[in-house]
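For the sequence shown, this note's numbering assigns the number 481 to the last residue and increments by one with no breaks.
Heads up, the beta-carbon is just placed ideally off N, CA and C, and yes, glycines get one too.
Treat the numbers as computed from the prediction; the structure is a model and nothing was measured.
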Amino acid sequence: MKVTLEKRPDSKVCFAIEVEGTASQELYDKLLSDLMRRVQIPGFRPGKAPKHMVIRDLGAEKLKANVLEQLFERCLPEALKQQADLKPVGQFELVQNTEELLKTFEIGQVFRFDALIDVEPELTIPAYRGITVQAEKVEPDPDAAAKLLHTYQKRKATLVPVEGRPAALDDVVIINQTTTDSDAGTPIDALCGTDIQADLNESGLFPEVVNILVGAEIGQTVSTAFTLNEKINDPNLIGKSVNVDVTLLDLKHRELPPLDDAFAQSISDKQTLAELQEFLVTRDRDQAAAQTRENAQAAVINHIIATMDGGIPETLIRNEVEHIVNEKATRIRETFNLNEKDLRRLFQDEEVIAQIVDSSRPEAIARIQRTLLLREVVSKESLDPTPEEIAQRTQSLLNDLDDPQNVDPKKLQEFVTNQLATERALEWLLTHNTIEYVSSPPPGADPQPEATPNLEAVSPTPEQDRANDSPQSLNNADEL
């Protein structure tokens, strides 16, 4: 067998393969011999029918197609094995379709065919040292602690009946609500209810409902009409025109507990209000610094990958797109509180899938470029973690797991190695480049693409940490 290689764009290699006639003849003879022992021809005992009758019964073209398929299965792995320097990332794809190849394929004759395979990209990594970029500096929110403490005051407030005045913003209302599809004239059960308790603000009710309830008296029914937007927790309702009738049943306001040491102890492990406030201020400052650092990393990486040269193989892009689509599916399910059946129904829509896939492609390419860049930095700058560092981080992760026995040691070590290498590469890039911090995002700034889980650590971003202000998250303080 002769193999000639030709590099193609987008990190593809074409294998031009020439197979001697003896290879197909050998496969044909073996196939026919096996079939003659097993095939039953009327009038003959098994294995005794003449060869020409077996061929006629099975079909000469069908036999030839079977031999061709076996030839591919034998030759392609063998051809790849001969090219030890190649690093494939996908499977072979025939250049010509099988039907066309069958027209030129003859048993016992020399046969030539071409096959493409994706290989690891050989990208030209531009200079990644000594560059200057701008990045947004995130300032701590001086009111963050006060806002959060006020939120917890509201949670622990006593509800007191309102007398002698109509409903006002931030009251607590008890309502009956009927929502009707304006076009169909039928109620939308998910948006109807009785004895609903809600805050009279946009965090608890539709803005349009808030507007008609402010100023309403107990027992009064008010109405409005509007179009549901993307904030509704059901993608099937987005864009629907609705009529809403609301009856105000009762009205209360919150009597907040005093902001003192006893309150601090009731929502955290801190003994004094001052201690809790200090913890919250420090945490917000640390989160702002972490977000600023992420912005700097993203600015450096995006600047470098913008000028990277070389094609990324379609196999890598396709795999990364699939990973991103799965991530988006999970987010959609969680955002709209969909069960598996509803999610599958949504993702059976070919148009929806095509839109998600197309929109995910640029992000997939950016993720791959980022991974390749960081891998290059680790290699060129000798940033591989030491065995001791890997062992220490691995043990730390195992200590945090409820059931470490179920963890695959090999996969965990690979994860930790990639995580540490990524951290080192990011630190190196920040140290060896100049970051000019600005108070707002620089023009054209894009968020840093999140890498694939098996390439680096996936941990909550500072924005996620800020949003996660549950009692448990405030602990380590320890717990609010």
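Assumed close pair residue i, residue j - CB separation to whole angstroms, cut-off 8 Å
i	j	result
L430	V301	5 Å
L281	A145	7 Å
P47	R39	7 Å
T228	G240	7 Å
F112	S25	6 Å
Q84	L36	Actually they do not touch by this definition, with Cβ atoms about 34 Å apart.
E321	A355	About 17 Å separates the two Cβ atoms, so there is no contact after all.
Alpha carbon of residue i to alpha carbon of residue j, nearest angstrom
i	j	result
K412	T248	58 Å
E328	V161	44 Å
E315	A128	25 Å
E390	Q396	10 Å
R334	L87	41 Å
T336	K155	25 Å
G311	V20	32 Å
P363	E323	13 Å
V379	N340	42 Å
P141	D350	44 Å
P143	E279	12 Å
F45	G22	32 Å
S460	D182	Residue placement at S460 cannot be trusted, given a pLDDT of 29 that sits under 50; what the coordinates show is reported in the next sentence. Between S460 and D182, the C-alpha separation is close to 42 Å.
E403	I176	The residue you asked about is not Glu; residue 403 is Asp in the sequence shown. Their backbone Cα atoms lie some 44 Å apart in a straight line.
P259	P410	51 Å
R9	K381	27 Å
L384	A426	7 Å
D11	Q41	51 Å
C193	Q178	5 Å
K342	D196	30 Å
I132	Q298	13 Å
D119	I318	11 Å
V55	A367	57 Å
Q71	Q292	56 Å
L90	N419	The sequence shown places Val at residue 90, rather than the Leu named in the question. Each residue's alpha carbon lies about 19 Å from the other.
A217	A307	57 Å
L59	K49	15 Å
T331	I357	13 Å
I108	T372	47 Å
L95	R75	14 Å
P405	R346	36 Å
Sub-8 Å separation of residue i and residue j beta-carbons
i	j	result
D287	S242	no
I305	S361	no
V139	N296	yes
Q135	E428	no
V210	N202	no
V174	A199	yes
P386	L421	yes
V245	T187	no
V408	R394	no
R130	N434	yes
D172	K253	yes
Bridge-paired residues (DSSP) for residue i
i	result
V187	The question names Val, yet the displayed sequence has Thr at residue 187. According to DSSP, which records beta bridges pairwise, T187 is partnered with nothing at all.
N177	T248
V120	P89
V197	It is Ile, not Val, that sits at residue 197 in the sequence shown. Answer by DSSP bridge pairing, in chain order: I176.
D182	V243
D310	T125
F45	Note: F45 sits in no beta bridge, so no partner.
Y29	Note: Y29 sits in no beta bridge, so no partner.
P162	K253
Segment contact, 8 Å Cβ cut-off, at least three pairs: the region 166 to 178 with the region 223 to 235: no
Sufficient close CB pairs (3 or more, under 8 Å) joining the region 202 to 220 to the region 276 to 293: no
The region 76 to 93 touching the region 10 to 22, judged by at least three CB pairs closer than 8 Å: yes
Validate contact between the region 23 to 40 and the region 58 to 73 using beta carbons, cut 8 Å, 3 pairs: yes
Stretch pair the region 262 to 275 + the region 98 to 117: three plus CB contacts closer than 8 Å: no
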